[in-house]
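Asks: Take a look at the following structure, please.
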Amino acid sequence: MAKLPVKQQGSASAVKPLLRYLKPYRKELTAALVLAVINVAATLYAPILTGHAVDLIIAPGKVDFAGLKPLLVKFAVTIVIVALSQYAMTLCTNKTAFSAVKDLRNDAFANLNRLPLRYIDSHPKGDIISRLISDIEQISDGLIMGFAQLFTGVVTIVGTLGFMLSINVKITLIVVVLTPISLFAARYIANNTFKFFKQQSQVRGELTAFVEEMTGNQKTVKAFAHEDEAEEGFGEVNQRLSDVSVSAIFFSSMTNPVTRFINGLVYAAVGIVGAISVIGGHFSVGMLSCFLTYANQYTKPFNEISGVITELQGALACAKRVFELIDEPQEIPDAEDAHVLTEVDGTMHAENVYFSYDPKVPLIEEFNLDVKPGQRIAIVGPTGCGKTTFINLLMRFYDADKGSISVSGLPIKSCTRDSLRSVYGMVLQDTWLKTGTIRENISYARPDAEFKDVEAAAKAAYCDGFIRRLENGYDTVITEDGGTLSAGQKQLLCIARVMLALPPMLILDEATSSIDTRTEILIQKTFNKMMEGRTSFIIAHRLSTIKEADCILVMNAGHIVEQGTHGELMAKEGFYAKLYNSQFES
Amino acid sequence: MVKLFRYLKNYKIESILGPLGKFLEAIFELIVPIVMANIIDIGIKNSDKPYIYRMCGVLVMLGVLGLAASLTAQYFAAKAAVGFGTELRNDLFRHINTFSHAEIDKIGSSTLVTRMTVDINTAQTGVNMLLRLFLRAPFIVIGAVIMALSISVKLTLIFLASIPLLCAVIWYVMHRTVPMYKKIQKKLDKTTLLTGENIAGVRVIRAFSRQNDEEKDFRMETEALQIMQVGAGKVSAVMSPLTYVIVNIATMLIIWCGGISVDHGGITQGEVIALVNYMTQILLSLIRLAELIQTLTKAQASSLRILEIFDKSSSLTDEGSKHITENAEAPAVEFRNVKFSYVSSERDSLDDINFTAARGETIGVIGGTGCGKSTLVNLIPRFYDVTGGEVLAGGVNVKDYPFEQLRAMVGIVPQKAVLFKGTIRENMQWRDKNAADEEIMKALDIAQALDFVSQKPKGLDYELEQGGRNLSGGQKQRLTIARALVGNPEILILDDSASALDLATDAALRKAIAQKTEGMTVFIVSQRVSSIRNADKIIVLDDGRMAGIGTHEELFDNCEVYKEICMSQLTAEEAKKNG
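Protein chains in written order, with the working numbering: chain A, 4 to 589; chain B, 849 to 1427.
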């Protein structure tokens, strides 16, 4: 426990924002709490009624049926109250929990869409997903439901004590004195469980990573006949998991038997003192039976509370992770008087631009460029020279640290991001398609496009042929990440997507890398026609693709080292010429 | 799930001791109300204090015995369940390892990972619960009825009437909600998918300014999810109040009829209390049972998913461990009338492929996207079996080799550069566990990786993260090339494996392979003419058929397809220029 405070304090910071999300449902929440009190009171009242009833059934000929009747009617009413209040309470908590969680998820998603790319690029995808899905699920299960349970538990304990005190103070005191045993036992078990569970989840994580690596790359494992070694490694981790799992599962399953045992002790103690009191005449058999029922139920909420508290702590930690995402600062919003780029003349101007992802590792420095309308600019250079970064800056996925970039004479920082981005048509090497039909994907930029336009774009991108061969043609649903389509086909679809949008400027980042060169030439022709008079930026490995550019920028280590047409650069016999000629060496 | 029980085979004793402990615990628990009835009927009635003390001693004893029995049960149940999970996991992993590429393509590796991890865990929890708790409920219910019978046959009728009612309620709720929860899980999977998609496609979404539409889609999903959750909640919220009502109506009847019986001298006051207690015990254990059934339903679904994998077996058979001696005179690789189609597509991916590759030759394979280049080289290490004709390595049909021997002959560099967690040295020793540093260095040198490896903090001991994340794409690719070269394979296959390398490195690599791998037969698959133009033989593929075979010059003059490819990449002058 000694280590916990810091963490608790950290997690506790999530309570306040969480209350914000509960606020719209405060009616339901209040109703749930009131209903819980009613439910507990009625539940606890029932044993008193049965107790009184038992007192009327003493021995042959000594049964008071006249007194029994009204008691049983009262009992029936109590049962109905318990049932109804419990049902209504569950509905209210469900409504609160599921609605609050929905809001939470929507907000987290909305913020995700407004976060700077820097955040998304630097956080593992799996981590963000688990914040949005499993962490939030944990809040619904653990926090809101847990809170309801905690509340009911506390009310039950207080209520039981109250009822017991009202019947017999002495026996109540015995029950109270025995309570700490239950608490200590629960604590002991919870601590051990926590310890082993932590170990278990760590080893389980190791196992999952191992399986992901080996099974995920099964083809490589097979290619190197590495199966035996893989099985050996797996067996080792699996054995360790097995060892720690037995302890974890055993300890976690101890809670119930131990509580039952302590219950038994309380039961026996109440039995002795109660029975002696009955003999002494201070107490009735019916009340003894009522007390026994209480004794049976009394430790249960303690047990639940200690379980719930562990869960609450876990859920609070999850809540903290979720709020970290929700409160993560968004992209600086567009200024109110920001320009909306509509007509652009096709010029692009970069002046003294500096940029780096990591302040310690300078990347783009002193970058200057002047692009005239309709020019085709090709960017070449070794991996990591800053080509893709340049695109990130053009599209304002990242903002330059220093210097300015302008389009059509306007600094891009003074334009709205949406309008700036709609100026460019972008095809990236990393093809992304959405789960949906082919048609939806092609018309992604223009959801209202007519089918004939979609078809025309597909034809222009040379994918009409293979689309038609698919089972449902344009209505074929492509699954996660393009599913069965080949890399080349996916790239063709991305190109069709841009063809349909027909933006005034174009960015092609290795856009045809997976397409064979003959198809590429055909597409190039379409591009040329489409881009007539439009400015375009092309990044490519294949030098054949860029030879015809109006201007080739040769980049190295964040600087433009050479600039000119293919002919000029070849004549220069510099970096570019070396790069170009290397492809013919053997 | 029953089918998987064979994995409990080695845990027979544990599997019996678990439920047995639970059985004993239930018996001890059921004795308690009788003892209490005796305290009331004998101890209190006769004011016999010593009797009361004795009986309370018995209660404590019962508690201790119950605890001991229960802990024994939990321990052995945990042991059996974990043993079950561990053996099942090992076995499934082994089974997955027998799959050929064809099965992996069909099933998909991500779902294999889920089944190995999540599904087995769920099944394990199911077994644990089953051993521990599932039998407890019937024990308590049947036991309580028997105890009630021993008190009063007539009043037991109330029990016999209420138990089927309780079961009916539980069955109804489960029956209605289980499919609902399945749907909810599906919806949740959909939100996960949407989230993942949005992160992966963040650039495209923003480039087309579609954030608001994506948000709308997401809201629709969460809205639907919430409605489904509330709906399922409404049904399952009925269970607890309804069972409470049934049990308490039964209690009322017991009190009323018990009253009549006491009045007639049938049973005693203490026995009425005992009967009420038994009713409560039944209620509590049935509620636990309902929770348990949910866990078991999930375990059942997972078991089916696991069995699905076990039911699939490799389409390739390993010809055993007999070492085959190859024919030293025969060409390194020969394709005779080879035909191949993937199971899923009807069209032949390869048709009528014939060629020989002599020892030490370099063979280039070129052609458009999806023309079958990779498929062709994948047939050499027998990742797939041909559907017609035969593939020979060293004069022997590849089907006749044991897998181990065949794959030791072939070094392959796949398109996707995959490296594994561990040091660079460990990664380099995949083909040959005992490869010395010297040999590894040589391979690294050929693969143009020596420079950057020696610049790494610990050289060969540099730790790679999972998937080689801490290396650049080009570095990873060079390491996978080096990995294939360690152990000096007879046949080396480079399947478009220079795509992440810049042209200069690519050229240096090819030069090194040509000079430093004497006697090695090398297959180079590429889309770049420059990568293969110096090969001894170039195979030109067009839509699964051979459009030509020969040297660059021969093909340039005679093969239309090849000429087109060249012209699309080089100028006429460059294409003719001898390298």
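Using N, Cα and C, we set each Cβ at its ideal position, and we do this for glycine too. On a predicted model such as this, the values are computed, not experimentally measured, just so you know.
1) Using 8 Å as the cut-off, can you tell me whether the stretch 220-230 of chain A makes contact with the stretch 950-965 of chain B, which would need three or more C-beta pairs spanning the two stretches below that distance?
2) With DSSP run on the structure shown, which of helix, strand or coil describes residue 1062 of chain B?
3) Beta-carbon separation of residue 1211 of chain B and residue 1383 of chain B under 8 Å?
4) Got a sec? Which residues, its chain only, sit under 6 Å from residue 46 of chain A by beta carbon, not counting five neighbours each side?
5) For the alpha helix (DSSP H) holding residue 521 of chain A, just list the boundary residues, first then last.
6) Using a beta-carbon distance below 8 Å, is residue 1325 of chain B in contact with chain A?
7) Hey, out of B:1051, B:972, B:870, B:1252, whose CA is closest to residue 249 of chain A's CA?
8) Check whether the Cβ of residue 620 of chain A lies closer than 8 Å to any Cβ atom in chain B.
9) Starting from the C-beta of residue 929 of chain B, find all residues in its chain whose C-beta is less than 6 Å away, skip the five residues before and the five after it, and write them out in chain order.
10) Is the stretch 50-57 of chain A close to the stretch 284-303 of chain A, with three or more CB pairs under 8 Å?
11) Is residue 939 of chain B close to chain A, meaning its C-beta is less than 8 Å from at least one C-beta of that chain?
12) Along chain B, in chain order, which residues have C-beta atoms closer than 9 Å to that of residue 346 of chain A?
13) Check this for me: beta carbons of residue 884 of chain B and residue 1122 of chain B, under 8 Å apart or not?
14) When the cut-off is 8 Å and only beta carbons count, does residue 1082 of chain B lie next to chain A?
15) Which residues, in order along the stretch 292-305 of chain A, keep a beta-carbon less than 8 Å from a beta-carbon of chain B?
16) Going by the DSSP bridge assignment, what does residue 554 of chain A pair with across the sheet?
17) Counting contacts by CB-CB distance shorter than 8 Å, is residue 10 of chain A in contact with chain B?
18) Residue range of the beta strand (DSSP E) that residue 1247 of chain B falls in?
19) By Cβ distance, which residues of its chain are closer than 7 Å to residue 1016 of chain B, with the 5 residues on each side in sequence left out?
20) In the DSSP assignment, find the beta strand (DSSP E) that holds residue 1341 of chain B and state where it starts and stops.
21) Helix, strand or coil: which one does DSSP assign to residue 893 of chain B?
22) Flag this pair as yes or no: are the beta carbons of residue 261 of chain A and residue 193 of chain A separated by less than 8 Å?
23) State the Cα-Cα distance for the pair residue 1216 of chain B and residue 1374 of chain B, rounded to the nearest angstrom.
24) Using a Cβ-Cβ cut-off of 8 Å, state whether residue 183 of chain A counts as contacting chain B.
25) If the cut-off is 8 Å on Cβ atoms, which residues from the stretch 94-121 of chain A count as contacting chain B, listed in chain order?
26) In chain order, what residues of the stretch 973-994 of chain B put their CB closer than 8 Å to some CB of chain C?
27) With three or more C-beta pairs closer than 8 Å as the rule, is the stretch 409-429 of chain A touching the stretch 1012-1031 of chain B?
28) In this structure, how does DSSP classify residue 163 of chain A when only helix, strand and coil are distinguished?
29) Give, in chain order, every residue of the stretch 312-343 of chain A whose Cβ lies closer than 9 Å to some Cβ of chain B.
30) Note down, in chain order, every chain B residue with its Cβ under 8 Å from the Cβ of residue 523 of chain A.
31) Would you mind listing the alpha helix (DSSP H) stretches within the stretch 264-331 of chain A that are 4+ residues and don't spill past its ends, in chain order?
32) Whose C-beta lies closer than 6 Å to the C-beta of residue 143 of chain A among residues of the same chain, with five residues either side of it excluded?
33) Quick check on residue 270 of chain A - is its C-beta less than 8 Å from some C-beta in chain B?
34) Tell me, please, whether the CB atom of residue 21 of chain A is closer than 8 Å to any CB atom in chain B?
35) With burial defined as no fewer than 16 other Cβ atoms inside 10 Å of the residue's Cβ, what is the status of residue 570 of chain A: buried or exposed?
36) Starting from residue 1236 of chain B, trace the beta strand (DSSP E) in both directions and tell me its first and last residue.
Replies: This is what the structure holds:
1) yes
2) Counting from 1 along the second sequence, the entry for residue 1062 of chain B is found at position 214. It is helical.
3) By 1-based counting over the second sequence, the position of residue 1211 of chain B is 363. By 1-based counting over the second sequence, the position of residue 1383 of chain B is 535. The answer is yes: Cβ separation under 8 Å.
4) As a working mapping, residue 46 of chain A is identified with position 43 in the first sequence. Only 85 meet the Cβ criterion.
5) Counting from one through the first sequence, the residue named residue 521 of chain A turns up at place 518. 520-533 is the span of the alpha helix (DSSP H), which, as asked, contains residue 521 of chain A.
6) Here the question's residue 1325 of chain B lines up with position 477 in the second sequence. No, because no Cβ of chain A sits closer than 8 Å to the Cβ of residue 1325 of chain B.
7) What you label residue 249 of chain A is simply residue 246 of the first sequence in a count that begins at 1. Out of B:1051, B:972, B:870, B:1252, B:972 has the C-alpha closest to the C-alpha of residue 249 of chain A.
8) Limits of chain A in this structure are 4 at one end and 589 at the other, which puts residue 620 of chain A out of reach.
9) Here residue 929 of chain B is taken as the residue at index 81 of the second sequence, counted from 1. So the list reads 972, 975, 976, once near-sequence residues are dropped.
10) yes
11) Here residue 939 of chain B corresponds to residue number 91 of the second sequence, with the count starting at 1. Not one chain A Cβ lies under 8 Å of residue 939 of chain B.
12) Numbered from 1 along the first sequence, position 343 holds the residue referred to as residue 346 of chain A. What residue 346 of chain A touches in chain B: nothing, since even the nearest Cβ is about 17 Å away.
13) For the purposes of this step, residue 884 of chain B is taken as the residue at position 36 of the second sequence. For the purposes of this step, residue 1122 of chain B is taken as the residue at position 274 of the second sequence. Yes; because the gap between Cβ atoms is below 8 Å, this pair is in contact.
14) In the second sequence, counting from the first residue as 1, residue 1082 of chain B sits at position 234. With 8 Å as the cut-off, residue 1082 of chain B counts as an interface residue toward chain A.
15) Interface annotation for the stretch 292-305 of chain A against chain B: 292, 295, 296, 299, criterion Cβ-Cβ distance under 8 Å.
16) For the purposes of this step, residue 554 of chain A is identified with residue 551 of the first sequence, where counting begins at 1. DSSP, once it has assigned bridges, lists A:380 as partnering residue 554 of chain A.
17) To locate residue 10 of chain A, count along the first sequence from 1; it is residue 7. Per-residue confidence for residue 10 of chain A stands at a pLDDT of 37, beneath the threshold of 50, marking its modelled position as unreliable; the derived number appears in the next sentence. Not an interface residue.
18) By one-based count along the second sequence, residue 1247 of chain B stands at place 399. Neither: residue 1247 of chain B is in no beta strand (DSSP E) and is coded neither H nor E.
19) Residue mapping note: residue 1016 of chain B aligns to position 168 of the second sequence, counting from 1. Once the five neighbours on either side are set aside, residue 1016 of chain B has no close Cβ partner at all.
20) Here residue 1341 of chain B corresponds to residue number 493 of the second sequence, with the count starting at 1. 1339-1343 is the span of the beta strand (DSSP E), which, as asked, contains residue 1341 of chain B.
21) As a first step, residue 893 of chain B must be located in the second sequence, where it is residue number 45. Coil.
22) The residue given as residue 261 of chain A occupies position 258 in the first sequence. The residue given as residue 193 of chain A occupies position 190 in the first sequence. No; because the gap between Cβ atoms is not below 8 Å, this pair is not in contact.
23) Residue mapping note: residue 1216 of chain B aligns to position 368 of the second sequence, counting from 1. Residue mapping note: residue 1374 of chain B aligns to position 526 of the second sequence, counting from 1. Between residue 1216 of chain B and residue 1374 of chain B, the C-alpha separation is close to 10 Å.
24) What you label residue 183 of chain A is simply residue 180 of the first sequence in a count that begins at 1. It does not; no Cβ of chain B falls within 8 Å.
25) 94, 97, 98, 101, 102, 104, 105, 108, 109, 112, 113, 115, 116, 117, 120
26) Absent from the structure is chain C; the protein chains it does hold are A and B.
27) no
28) Along the first sequence, read from residue 1 onward, the residue named residue 163 of chain A stands at position 160. Helix, per DSSP.
29) none
30) Taking the first residue of the first sequence as position 1, residue 523 of chain A is located at position 520. Per Cβ cutoff of 8 Å: 1416.
31) 288-329
32) Stepping through the first sequence from its first residue, residue 143 of chain A is reached at position 140. Here residue 143 of chain A has 100, 104 as same chain residues with Cβ atoms under 6 Å from its own Cβ, once five neighbours each way along the sequence are excluded.
33) Position 267 of the first sequence holds residue 270 of chain A. Closer than 8 Å to some Cβ of chain B, the Cβ of residue 270 of chain A qualifies, so yes.
34) To locate residue 21 of chain A, count along the first sequence from 1; it is residue 18. Output row for residue 21 of chain A: interface = no.
35) Here residue 570 of chain A is taken as the residue at index 567 of the first sequence, counted from 1. Exposed, because fewer than 16 other Cβ atoms sit within 10 Å of the Cβ of residue 570 of chain A.
36) Here residue 1236 of chain B refers to the residue found at position 388 when the second sequence is read from its first residue. Unbroken beta strand (DSSP E) run through residue 1236 of chain B: 1236-1241.
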